[in-house]
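Working notes for the structure below.
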Amino acid sequence: MDGIGASSPAPGGTMGMNGSPVGTMAYAKGVPDATSARQNVALFILFFFPALALVTVSLRAAGRWAWRQFGWDDTLICVAMFMSALETAASYKFIKTNYIGIRGRDVPQHDPTEGMIWNYTVQILYNPILALVKLSVLVFLYRLFAQKRGVKTCVVALAVATALQALAVAGAIVFQCTPISFNWRPMMAGGRCVDQRALYVSTAAFTIVTDVLVLLIPGYIFRDLKIPRKAKIALLFVFLLGGLVTAASIARLITLTVGLYNLVPDDDVPSASIGFVTSAVETNLALITASAPAMLPLLRTWFPSLFGSNGGSKSSSGTPAAPILRSVKNETDSEGGLSRSLSAPSVPDVPKRYN
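Under our numbering, residues 726 to 1080 are what the sequence shown spells out, in order.
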């Protein structure tokens, strides 16, 4: 999850999104605007990755719809993209109202309530995005390889674990403090929060474990595939791009742990750190890399010598190069419809619609 909190908020403030205290400044009316070069870098990262994700997901959705292959995996990724856009807007407000990237001496006195409300909002939006993306990948793998021995069981088990984790974390986030308004009114008498530090770290670690398990599935699928080595490496590369997300998740977990447990003390307030934006990098990289396998028809058009094309291109040796995905089809026809989902249909052939 994206929010960070302490089990017992200090008077006047709670923990922020990157382990930094929010609401610790003396109360003043309103939230004066302030900026810095470091904050501008954070804002650039915050908007750059969602923009890249939006372009990628849009290309995926348009291509799949045009080829009449739009399925549940595409629906899930589109919902995740919509939630990412909401998270981006909420994250912008969080950065501005909590003065992320601004040194403590430059932070004006302000009313911290608005910042803590945005803190809570981003927490709610963050976790479902990763869960939806992971479920999209698993549905995609299920559509292609459900008949391969062992794959169906692994995919279903991981999908159930991911869905249950998402529901459990969503409930824990919404009700992390009692009453709920204690999230942004920490001075309320009788309010309390769960041990959020332990919850956040354990949840982030579990997410990384399931990420790795999902990455292992393509390796198992393509391990014994009898296709040219270059083709196998190219396909594995596309399917294993999710490793970038796992790396981002690990970086975020480190940032999270350091911030929560004050492992690197700083004389300045922790809000000067822009580690918060690792969450935006993580979620939007997930959207981008999850769309790569579904965009193989486009990759065939852009890189025909590597992924094969409908036009029967030639290899460097001058011999006809069979389309890579056609070779894969010959290996997997008895186990599923890989080439039907990964290759663009030739006109006038129209493949059946996947539901």
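Ideal Cβ positions, reconstructed from N, Cα and C, are used throughout, including at glycine.
If you're wondering where the values come from, they're calculated on a predicted model, not measured in any experiment.
- prompt: When we look at the beta-carbon of R828 and count the other beta-carbons within 10 Å, is it buried (16 or more) or exposed?
  reply: exposed
message: Please return the same chain residues whose Cβ sits closer than 8 Å to the Cβ of M808, not counting the five positions on each side in sequence.
response: L850, P853, I854, L857
message: Helix, strand or coil, according to DSSP, for T760 in the structure here?
response: coil
query: Between I820 and A767, is the Cβ-Cβ spacing less than 8 Å?
result: yes
- prompt: What do you get for T1003, buried or exposed, if any count of 16 or more other CB atoms within 10 angstroms of its CB means buried?
  reply: buried
Candidates C879, A1019, T781, D836: closest to T935 by CA position: C879
field: Spatial distance of L883 from T971 (CA atoms)
entry: 16 Å
message: Just to check my reading of the structure: T813 and A1005 have Cβ atoms closer than 8 Å, yes? What is that Cβ distance to the nearest angstrom?
response: 7 Å
- prompt: Could you give the distance in angstroms between the alpha-carbon of L1012 and the alpha-carbon of L866?
  reply: 16 Å
field: Element boundaries [alpha helix (DSSP H), containing K873]
entry: Looking at the DSSP string, K873 is not in any alpha helix (DSSP H), and its letter there is neither H nor E.
field: 8 Å Cβ cutoff met for I946 and V899
entry: no
- prompt: Tell me, which residues are paired with T903 by DSSP?
  reply: R917
- request: Determine the direct distance from the alpha carbon of K873 to that of L811, and round the result to whole angstroms.
  value: 38 Å
message: Using only CA atoms, which one of V919, A976, F769, D758 lies nearest to Q834?
response: D758
- prompt: In whole angstroms, what is the alpha-carbon distance linking G984 and Q848?
  reply: 16 Å
- request: Compute the distance between the beta-carbons of N1009 and L777, then report whether it is under 8 Å.
  value: yes
field: Member of R830, V780, A923 whose CA lies at the smallest distance from the CA of M806
entry: V780
Three-state class that DSSP yields for W790 in the structure shown: helix
task: Starting from K955, trace the alpha helix (DSSP H) both ways and give me its first and last residue.
output: 954-964
- prompt: Given A973, which residues of its chain have a CB within under 6 Å of its CB, disregarding the five upstream and five downstream residues?
  reply: V1006, E1007, L1010
- prompt: Is M806 helix, strand or coil by DSSP?
  reply: helix
message: Which complete beta strand (DSSP E) runs does the segment 841-866 hold, if anything under 3 residues is left out?
response: none
field: For N844, the nearest candidate out of A871, Q901, A815, T982 (CA to CA)
entry: A815
message: Which same chain residues end up closer than 7 Å to L924 when comparing Cβ atoms and leaving out the 5 residues on each side of it in sequence?
response: A897
message: Please identify the residue among R830, V885, K859 whose C-alpha is closest to the C-alpha of D799.
response: K859
- prompt: By Cβ distance, which residues of its chain are closer than 7 Å to A895, with the 5 residues on each side in sequence left out?
  reply: N852, P853
query: Got a sec? Which residues, its chain only, sit under 7 Å from S1016 by beta carbon, not counting five neighbours each side?
result: T781, V782, R785, I802
message: I need the DSSP call for M912, collapsed to helix, strand or coil.
response: coil
- request: Whole angstroms is fine: what's the gap from T980's alpha carbon to L960's?
  value: 32 Å
query: Is the distance from the Cβ of I933 to the Cβ of L966 below 8 Å?
result: no
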